[in-house]
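So the structure is just underneath, and the comments pick up after that.
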Amino acid sequence: MWEVTWPKGQPTVMHEHPFDQLSVTLAGGSVRVTRLGGSPAVNQSKIGSVTFTPKGTIHMEEGVSDVSQHKIMLELKPSTSPALNAMDGVSGAFPRAGAVKLLENDRLIAWDFTWKPGQTVPRHADYLDFVTVFLEGGRIRSIAEQGGTKDTTRRAGEVVYSLHSPDPHTEEAVEGSPRAVIIELK
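Residue numbering for the sequence shown follows my numbering, beginning at 39 and increasing consecutively.
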């Protein structure tokens, strides 16, 4: 994972991406992208938008907006972590009410989700590894079916990698309305 900003008027060198990559925008802005042998194009993004860049892409980038675009970049290296088999009666983490699917391909599924006070995320298990990029902070309570409650405070810009787990649990916001892009890794 990389945290990247594109200051205005500071181009990168022409470079090649050795791995597939997913970016999540933390602060919107405009970036001029020039692909090898191509014409420049200005790409604009807003908070929470995602972009998939395939392995082998060759380009250079330059910030063109007064406010620097700010992203978390996830390099998707080859993986051998298999998904868990679903248990009878226990759904996976997604889809879920209120979640918006942003992108799906053979490597991942990206969701935009906000935990809202007073709304409990239904019982589920995390059958896939996932990365959570927090766009807005707050405190989330996870309640395990086997007993035990854990409150975790998250801040905007924080990135968390989580291994799959068959342990059923529910979740709820107990402070603020944390918003995140959650990337399930296939």
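Glycine included, every Cβ here is placed at the ideal spot set by N, Cα and C.
Source: prediction; values computed, not measured.
Start and end residues, beta strand (DSSP E) containing residue i
i: Arg-206; result: It is worth fixing the name first, because residue 206 is Pro in this sequence and not Arg. 203 to 213 is the extent of the beta strand (DSSP E) around Pro-206.
i: Lys-109; result: 107 to 114
i: Gln-48; result: Element bounds for Gln-48: n/a, residue is neither H nor E.
i: Leu-146; result: 146 to 152
i: Leu-60; result: 58 to 65
i: Ser-117; result: No beta strand (DSSP E) holds Ser-117; DSSP gives it neither H nor E.
Residue i - DSSP class collapsed to helix/strand/coil
i: Gly-101; result: strand
i: Gln-82; result: strand
i: Ser-129; result: coil
i: Thr-91; result: strand
i: His-55; result: coil
i: Arg-134; result: coil
i: Lys-224; result: coil
i: Ala-218; result: strand
i: Ser-77; result: coil
i: Glu-196; result: coil
Proximity winner among the options, relative to residue i (alpha-carbon distances)
i: Gln-157; options: Glu-209, Met-111, Gln-184, Trp-40; result: Glu-209
i: Arg-217; options: Leu-64, Pro-56, Met-111, Thr-43; result: Leu-64
i: Val-219; options: Phe-151, Ala-163, Glu-196; result: Phe-151
i: Pro-78; options: Ile-96, Asp-126, Ser-61, Pro-92; result: Ile-96
i: Val-51; options: Ile-221, Lys-84, Leu-74; result: Leu-74
i: Pro-45; options: Lys-109, Phe-57, Gly-94; result: Lys-109
i: Phe-90; options: Ser-61, Met-98, Val-80; result: Ser-61
i: Asp-164; options: Val-198, Gly-86, Thr-190, Phe-132; result: Phe-132
i: Phe-168; options: Glu-174, Ile-221, Pro-155; result: Ile-221
8 Å Cβ cutoff, residue i in contact with chain D
i: Pro-204; result: Note that chain D does not occur in the displayed structure, where there is just one protein chain.
Cβ pair count under 8 Å reaching 3, the segment 62 to 70 against the segment 85 to 105: yes
Touch test, the segment 172 to 185 against the segment 195 to 215, Cβ-Cβ under 8 Å, three pairs minimum: yes
Ranges of the beta strand (DSSP E) found wholly within the segment 151 to 192, counting only runs of at least 3: 158 to 164, 167 to 174, 176 to 182, 187 to 192
Cβ pair count under 8 Å reaching 3, the segment 138 to 149 against the segment 191 to 203: no
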